[in-house]
Each structure stands twice: as C-alpha cells, then as structure tokens.
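Just below is one structure, and these are the notes that go with it.
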Amino acid sequence: MDASALLIPALLGAGAIGTGLARRHQANKLAHLLDARSTSVAELLDLQATVAAQMGAGSFREQVKLAGEIVCDEPLTAPWSGELCVAFTNTTTELLEVREERTSTDSAGNRSTEVSWERREETLQDLERRCRFELQQGCQGLPVDPEGADLELETVLNQVDPPTAANTGGNRQLGTRRVETLLRAGGSVLVVAECSDVSGSLQLQAPQGAGLFVVRRGNEDDFSRSIRRWRRIWTVSTWILALATALSVLLFVV
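Using our numbering, read the sequence shown as starting at 5 and increasing by one per residue.
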C-alpha cells in the first residue's frame, strides 16, 4: 500500500485524539467545579481562625467556590480604552499579504510558475497585566491573587488601523489590528480557587495541586452549563472523527 494513502486516516485519527483530549479536559473541569465547596467569605474567615488556633497559622487550605464583588483600591488602566480593570491584554497584529511562487513541471518537461498572494498575520506585541483585588461580600472580603487564574476577559477594542509601512516586492501591507480585552474593576464574579493562609494571610489563589482557579462573570449554574455544552460538542466530534477514521482505513484496505 502506498504510504501516502494513509495520510487521510492519520489526519482523521489525530483529530479524534485531539478532540478526545479536549473532551477529557472539560470532564475534569466539571469534576473540579463540583468538588469545590460552596461557601462564603465570613465562613472561610471563621474556619481559618479555628484551624489556626488548633494547628497554627499556615495550616488552612481548601478548594472553594463563592461569588462576590470585585473591589480594587489601585486598579490598572487599560492603555487603549482607558478602562479601569484588574487585568488586561493588548495584542497588536500586522495584517499583510505575502507573495508566493510555486514552480511545477508537467509530463512534457515544461516548467511553469504560479504566483499567488497569501494573507498572513504576524503578532507584533502581546502584553498582559494583572493586579491583586478583593472579593467582597457585604463588609467582609478576601484578597485574590490572580496569577495563574483562568480569567473571563471582555473584548473592549478590536480595530484595524491603516498600514504605516510601505509595500515591498514580496509583501503588501493591509493594516494593523489592535485588540484589547479586560476584566473590569467592579461588578459581581464567581471565583473557584484554593483558599489558603500559607502565604501568611488568608487569600484566594491558584491551587497547589489539582483543582480550578477561575474568575468569571455569571453564577455557578452558567459555568456548569458552559462546561457541559463543550463536553458534549467534543464528545460528538470525537465519535464523528473516529468513525471517519475507521471508514477511511476500510476504504483504503479494500
């Protein structure tokens, strides 16, 4: 059998493996969300005080989920939009068309060259900043260290500016895209994190072991539905690609 004939089954099989891993990731995420204990800031403060009195400071650690308001005394200012936030990303991408030449030889030995222009995007700058904030419930709050968190960011700017560089023989400039996303310094969020006093004070942070660290708008039900929806999508995709892989192998074998 020609080895090139196995290219399509191999690609389909690789796709099935990729979607299967994505499905497994969503399943693990849902399990971690369900394992995290629903709680409140007041309960965590009281529980940590009890544990510290019995076992000493730095002994408390638990995977939890709770909702509250973002409060930040020294928020960041997103450079392009000017919005106050606790996290932002700025991405600058150059849009261009690149000249490509492909030379081929026919059965008579005649050579021909085909010229085409392929559109490409090249990242010029990718900037991300985060700052600590407090998750507040009523008059009580807990500090949040956002390093390592999966943050739900909102796109506030997505625009293409005119090209600033001249065209060359091999490139045609189309413009520069600027995209800014952020998490505003205010409003209600759901936090799934590890609550620990290992750093010296009680805070919400990235788990030291397995677990989620998520900051997102909405409630737990919204988050759970989103995870389940993506798990179904990846499951169906995996079965379709696996079936297509099996059929393509049978076709080539027969």
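Note that beta-carbon positions come from the ideal geometry of N, C-alpha and C, so glycine has one too.
Notebook entry, point to check: Where does A18 land, buried or exposed, given buried means 16+ other C-beta within 10 angstroms?
Noted result: Within the sequence shown, residue 18 is the residue found at index 14, counting from 1. The residue in question, A18, is exposed, as its Cβ has fewer than 16 Cβ neighbours within 10 Å.
Note to self: Measuring straight from C-alpha to C-alpha, what distance separates L38 and W238?
What the structure shows: As a first step, residue 38 is located in the sequence shown; it is residue number 34 there, counting from the start. As a first step, residue 238 is located in the sequence shown; it is residue number 234 there, counting from the start. Approximately 20 angstroms, taken between the alpha carbons.
Note to self: Does the contact criterion of 3 or more C-beta pairs under 8 angstroms hold for the stretch 15-29 versus the stretch 210-226?
What the structure shows: no
Check: Tell me which same chain residues have a C-beta within less than 6 angstroms of the C-beta of G72, skipping the five on either side of it?
Finding: On the sequence shown, position 68 is the one that residue 72 refers to. Contacts found: L139, Q140, Q141.
Note to self: Considering Cα atoms alone, identify which of R176, L247, S203 is closest to V102.
What the structure shows: On the sequence shown, residue 102 is found 98 positions in, with the first residue counted as 1. The shortest Cα separation from V102 among R176, L247, S203 belongs to R176.
Item checked: Residues sharing a beta bridge with A91, DSSP -> Reading the sequence shown from its first residue, position 87 is the one you call residue 91. DSSP, once it has assigned bridges, lists R134, L187 as partnering A91.
Checklist line | Inter-residue CB distance, T93 and E132 (contact presumed, cutoff 8 angstroms) | finding: Taking the first residue of the sequence shown as position 1, residue 93 is located at position 89. Taking the first residue of the sequence shown as position 1, residue 132 is located at position 128. Confirmed, Cβ separation roughly 5 angstroms.
Check: Where R301 and L245 are concerned, what is the direct C-alpha to C-alpha distance, given to the nearest angstrom?
Finding: In the structure displayed, the chain extends from 5 to 258; residue 301 sits before or after that span and is not available.
Item checked: Sub-8 angstroms separation of L208 and V148 beta-carbons -> The count along the sequence shown starts at 1 and reaches residue 208 at position 204. The count along the sequence shown starts at 1 and reaches residue 148 at position 144. It is a contact, given that the beta carbons lie within the stated cut-off.
Check: Which term fits A214, buried or exposed, when burial requires 16 or more other beta carbons within 10 angstroms of its beta carbon?
Finding: Position 210 of the sequence shown, counting from 1, holds the residue named residue 214. So A214 ends up on the exposed side.
Next item on the list: Please state whether DSSP places N32 in a helix, a strand or coil.
Entry: Within the sequence shown, the letter at position 28 stands for residue 32. Helix.
Note to self: Per the DSSP calculation, D154 is bridged to which residue(s)?
What the structure shows: Numbered from its first residue, the sequence shown carries residue 154 at position 150. Partner(s): V218.
Notebook entry, point to check: Where does the unbroken beta strand (DSSP E) through L206 begin, and where does it stop?
Noted result: Taking the first residue of the sequence shown as position 1, residue 206 is located at position 202. No beta strand (DSSP E) contains L206, which DSSP labels as neither H nor E.
Margin query: Taking the beta strand (DSSP E) that V193 belongs to, which residues open and close that run?
Written below: In the sequence shown, counting from the first residue as 1, residue 193 sits at position 189. Counting along the chain, the beta strand (DSSP E) containing V193 begins and ends at 192-200.
Next item on the list: Determine, using beta-carbon pairs with one atom in the stretch 56-71 and one in the stretch 188-208, whether at least three such pairs fall under 8 angstroms.
Entry: yes
Notebook entry, point to check: In this structure, what does DSSP give as the bridge partners for E98?
Noted result: To locate residue 98, count along the sequence shown from 1; it is residue 94. Paired residue(s): E126, T180.
Next item on the list: Kindly indicate which residue of Q129, T43, C89, S44 has the alpha-carbon position closest to the one of R188.
Entry: The count along the sequence shown starts at 1 and reaches residue 188 at position 184. Shortest Cα-Cα distance from R188 to any of Q129, T43, C89, S44 involves C89.
Next item on the list: Give the C-beta separation of V219 and L155 to the nearest angstrom, bearing in mind that I take them to be a contact with Cβ-Cβ under 8 angstroms.
Entry: Mapped onto the sequence shown, residue 219 falls at position 215. Mapped onto the sequence shown, residue 155 falls at position 151. At roughly 5 angstroms, the Cβ-Cβ gap stays under 8 angstroms, so V219 and L155 are in contact.
Item checked: Distance CB(V160)-CB(G179) smaller than 8 angstroms -> On the sequence shown, residue 160 is found 156 positions in, with the first residue counted as 1. On the sequence shown, residue 179 is found 175 positions in, with the first residue counted as 1. Not a contact, by the Cβ cut-off of 8 angstroms.
Check: Counting Cβ pairs closer than 8 angstroms, one from the stretch 105-118 and one from the stretch 41-59, do we hit at least three?
Finding: no
Next item on the list: Pull up the DSSP beta-bridge partners for P147, would you.
Entry: As a first step, residue 147 is located in the sequence shown; it is residue number 143 there, counting from the start. BP columns for P147 point to E138.
Note to self: Within 10 Å of its beta-carbon, does M5 have 16 or more other beta-carbons around it, so buried, or fewer, so exposed?
What the structure shows: Within the sequence shown, the letter at position 1 stands for residue 5. Because the pLDDT at M5 is just 49, under 50, the model does not fix this residue reliably, and the value given afterwards should be weighed accordingly. With fewer than 16 Cβ atoms within 10 Å of its Cβ, M5 is classed as exposed.
Notebook entry, point to check: Between L15 and A169, what straight-line distance do the alpha-carbon atoms span, to the nearest angstrom?
Noted result: Within the sequence shown, numbered from 1, the residue matching residue 15 stands at position 11. Within the sequence shown, numbered from 1, the residue matching residue 169 stands at position 165. Cα to Cα, L15 sits roughly 39 angstroms from A169.
Next item on the list: Count the other CB atoms, across all protein chains shown, that sit within 10 Å of the CB of P13; report buried if there are 16 or more and exposed otherwise.
Entry: Position 9 of the sequence shown, counted from the first residue, corresponds to residue 13. Per the 10 Å Cβ criterion, buried.
Margin query: If contacts are defined as beta-carbon pairs under 8 angstroms, then Q30 and R235 qualify, I think. What distance do you get, rounded to the angstrom?
Written below: Along the sequence shown, read from residue 1 onward, the residue named residue 30 stands at position 26. Along the sequence shown, read from residue 1 onward, the residue named residue 235 stands at position 231. By a beta-carbon distance limit of 8 angstroms, Q30 contacts R235. Their separation comes to about 4 angstroms.
Checklist line | T185 to E122 span [Cα, whole Å] | finding: Position 181 of the sequence shown, counted from the start, is the residue given in the question as residue 185. Position 118 of the sequence shown, counted from the start, is the residue given in the question as residue 122. Near 28 angstroms, if we compare the C-alpha coordinates of E122 and T185.
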